[in-house]
Ligand SMILES: Nc1ncnc2c1ncn2[C@@H]1O[C@H](COP(=O)(O)OP(=O)(O)OP(=O)(O)O)[C@@H](O)[C@H]1O
Ligand SMILES: [Mg+2]
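Residue numbers (this note's numbering), protein chains in the order written: chain Y, 38 to 216; chain S, 8 to 623.
Written out as structure tokens, the structure reads:
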């Protein structure tokens, strides 16, 4: 009987090697190819049941793609697959550079509300936080590829923290600019 | 050859061509389009009109007028002439009265439920009013295509939330239309545009209609339309431009309260003035003895704050797509309000390139929907398009202290399923309330409440021991369904997220029964016919699938079992009642479930294998 062997492994589902450094083009191409065969729209004329199964399969492929597309989520996923806990909630950072970076970003975020031009202030914040995310993503990759899981986990915790600040900004943006 | 009949994407025999349409159910105008005489086109009424004004008039003696004729009654009887009801879909009284719009009809406060409109035909739901518009379009289509429709693709603003989408689907159901798909308006526009231009790369669709604004960023590649992000405002459009002019007029001439008739007159005058300013530099606005001249400059100042809102949404959509201005190859303008020169100018400025205004902004959405309808009905062979859309607003649940916790983030590709575990906080607790909300804000009160439901029958355990897994499934229409399961014992409960603003199944059934009665139709006969058609479709699909993959994917016993159940269904189809047939459809469906799943897994494998061969 045919069955997907690694139901839970997003890399296997998309037919990609299990590594941090993925070819974005190959990822997208594999994703689209799979959706072409399972997307519910392909089963529009089929029974209720088949359509339900298609919705489930298609969701599964979307989840895999969504996880691997984002570098931060991909990092978390790889750590999890290699048996490392990724709950960074009670990590305390000792890296003084990061502490500085974090304080600056926090200040920037706190000043958004009072800014004379909140749109410009938001733009600046996103630029800075995205810069920091790129920097720590690269550091994560070095650690992970060298098998230095302690370093990789540490960098991941930082990424998680930065992503939290980013979504905090998104939330404030909604309130400030009234979406 | 035989076995290919049921393969997705294969075209059936020409005489089996199924009639399906795309419907753009707009705030101001609605349209229906289909594949006819070898091309996709909008369908016209007897008078040759393609746009049907989205206006419904409820007259004496249960007379209902839709479109132009209804519009003509607006001045004389505004209270019974309903326009722009799309803005009320899935909305409560408080939602829609918070904005100080000049309303020309009476709204009924139904508390948490969807607002209603008071007419001489009673208090009507916006769903019922929309259904009247859909009925007219469906009738127009059946007439010009010469047969019964198998279904329709109905477009909705991309920024519509779950309640608004559900309301639209309910309206179709009420109009007796099968919804093949709810399709986002900008995505439909992109399809029509992309098919024409065969373009590859990232585009932005800027859709400013009568009542809603959407911005979608899409990646186009070899027939795949992947929405990267979407944003907008489901209450921003040409109507607001009219309102802005009206407010200016009233203030300038010092007008106080207006009667409903005057309000309608003023809004009509303002709309005409606005449209006039798209060509002229200056126009007159008149109400009774008051006359004012409106220049384009003043008008631009009036609408700039509204355009600002739209531009901010564009900015956020680009950021969510992780793209910059330079990555966008083209900006496609859709919707009547993109005819306003100031809108074109500002959008062009912001994106740093001339927006495309040469496609017909009125019809492009309906044409795209028709294209998708044609494919979903199974009429198209080869060159299939694949539409990958996103959920516009985050879904979450209420947590301690009235805060929201997001479960599915906005701009996640759909369909999507996410599971979340909850636990009990009291010893022996057997029930638990879950409140599902949609929106980006932190406080539950600032988000849209979609449903509150209670999970019952949790086995009594010590606090924190139960593990209740709640799964949120959003389908390709953007509609949410929630199911819950207690993991330690496997107690399952299904919850359909509907209530809050939707109509219950009994509501719909009641409305349908009365509409059958009105049409003098036999409900029983109709139900039987529907079941027979469904049974036939199931049997045909399964036979083809068995021919293709039966040997490979099923054991001999499994095949025999399935075939014998199919045989019974075949018999029932001929002699059984609607209920009998339904029961056997269910039996065959259940027996074929594993087969269906194996077939899908096999096609995934095949797709993967195909890729790996390609790469070598
Ligand atoms: N020449 C014009 N200049 C300015 N505005 C115009 C012009 N023509 C149409 N409009 C406006 O466009 C709006 C209707 O656009 P459209 O038909 O695209 O909306 P819709 O599809 O009904 O609404 P929606 O998509 O928001 O549900 C109206 O507000 C109308 O006044
Ligand atoms: Mg429209």
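All C-beta atoms in this analysis are idealised placements derived from N, C-alpha and C, irrespective of residue type, glycine included. This one's a predicted model, so the numbers in the text were calculated from it and none came from an experiment.
{"Item": "Bridge-paired residues (DSSP) for residue 36 of chain S", "Value": "S/60"}
{"Item": "Where the alpha helix (DSSP H) containing residue 381 of chain S begins and where it ends", "Value": "371-383"}
{"Item": "Buried/exposed call for residue 358 of chain S, threshold 16 Cβ in 10 Å", "Value": "buried"}
{"Item": "Proximity test, Cβ basis, 8 Å: residue 147 of chain Y and chain S", "Value": "no"}
{"Item": "Stretch-stretch touch, CB-based, cutoff 8 Å, three pairs: the stretch 152-166 of chain S with the stretch 174-186 of chain S", "Value": "yes"}
{"Item": "Buried versus exposed call for residue 49 of chain S [16 or more other C-beta atoms within 10 Å across all chains shown]", "Value": "buried"}
{"Item": "Test: residue 170 of chain Y CB closer than 8 Å to a CB of chain S", "Value": "no"}
{"Item": "Residue-level contact to chain S via CB, residue 99 of chain Y, 8 Å cutoff", "Value": "yes"}
{"Item": "Three-way DSSP call (helix, strand, coil) for residue 491 of chain S in this model", "Value": "strand"}
{"Item": "Counterpart residues of residue 162 of chain S in DSSP-defined beta bridges", "Value": "S/31 and S/190"}
{"Item": "For residue 269 of chain S and residue 121 of chain S, the rounded distance between their alpha carbons", "Value": "27 Å"}
{"Item": "Simplified DSSP state of residue 149 of chain S, which is helix, strand or coil", "Value": "helix"}
{"Item": "At least three beta-carbon pairs within less than 8 Å, the stretch 401-415 of chain S to the stretch 365-379 of chain S", "Value": "no"}
{"Item": "Any 3 or more C-beta pairs closer than 8 Å across the stretch 62-81 of chain Y and the stretch 584-595 of chain S", "Value": "no"}
{"Item": "Proximal residues, the stretch 74-90 of chain Y versus chain S, C-beta separation under 8 Å", "Value": "74, 75, 76, 77, 78, 79, 80, 81, 82, 83, 84, 85, 86, 87 and 90"}
{"Item": "Where residue 75 of chain Y falls, given that 16 or more other Cβ within 10 Å makes a residue buried", "Value": "buried"}
{"Item": "8 Å Cβ cutoff, residue 184 of chain S in contact with chain Y", "Value": "no"}
{"Item": "Where residue 486 of chain S meets chain Y, residues with beta-carbon distance less than 9 Å", "Value": "Here the premise fails: no neighbours, minimum Cβ distance about 11 Å."}
{"Item": "Interfacial residues, the stretch 153-178 of chain Y to chain S, with Cβ spacing under 8 Å", "Value": "156 and 163"}
{"Item": "Member of S/206, S/486 and S/148 whose CA lies at the smallest distance from the CA of residue 170 of chain S", "Value": "S/486"}
{"Item": "Residue 508 of chain S (DSSP reduced to helix, strand or coil)", "Value": "In this predicted model, residue 508 of chain S has a pLDDT of only 47, less than 50, meaning its place in the structure is not dependable enough to derive any value."}
{"Item": "Residue 74 of chain S beta carbon less than 8 Å from that of residue 143 of chain S", "Value": "yes"}
{"Item": "Residue 225 of chain S versus residue 535 of chain S: straight-line alpha-carbon distance, rounded", "Value": "43 Å"}
{"Item": "beta-carbon residue 372 of chain S near ligand 2 non-hydrogen atom, thresh 7 Å", "Value": "yes"}
{"Item": "Buried versus exposed, by CB contacts within 10 Å (16 or more), residue 54 of chain S", "Value": "exposed"}
{"Item": "Exposure of residue 264 of chain S, with buried meaning 16 or more beta-carbon neighbours within 10 Å", "Value": "exposed"}
{"Item": "Sequence-distant residues of its chain with Cβ nearer than 6 Å to residue 303 of chain S (five each side left out)", "Value": "284 and 288"}
{"Item": "Members of the stretch 598-619 of chain S that neighbour chain Y once the beta carbon cut-off is set at 8 Å", "Value": "599, 600, 603, 604, 605, 607, 608, 609, 610, 611, 612, 613, 614, 615, 617, 618 and 619"}
{"Item": "Residues near residue 298 of chain S by beta carbon distance below 8 Å, same chain, minus five either side", "Value": "291 and 292"}
{"Item": "Closer than 7 Å: residue 367 of chain S CB and nearest ligand 2 heavy atom", "Value": "no"}
{"Item": "Exposure label - residue 157 of chain Y; buried when at least 16 CB within 10 Å", "Value": "exposed"}
{"Item": "Bridge partners - residue 211 of chain S, DSSP secondary structure assignment", "Value": "S/224 and S/338"}
{"Item": "is_contact[residue 505 of chain S, chain Y] using C-beta, thresh 8 Å", "Value": "Confidence in residue 505 of chain S is poor, its pLDDT being 47 and thus under 50, which makes the residue's placement unreliable; the coordinate value appears in the next sentence. No, residue 505 of chain S lies away from the interface with chain Y (no Cβ there is under 8 Å from its Cβ)."}
{"Item": "Interface partners of residue 188 of chain S on chain Y, CB under 8 Å", "Value": "78 and 81"}
{"Item": "8 Å Cβ cut-off: residues of chain S touching residue 208 of chain Y", "Value": "447, 448 and 449"}
{"Item": "Short CB-CB distance (under 8 Å) between residue 62 of chain Y and chain S", "Value": "no"}
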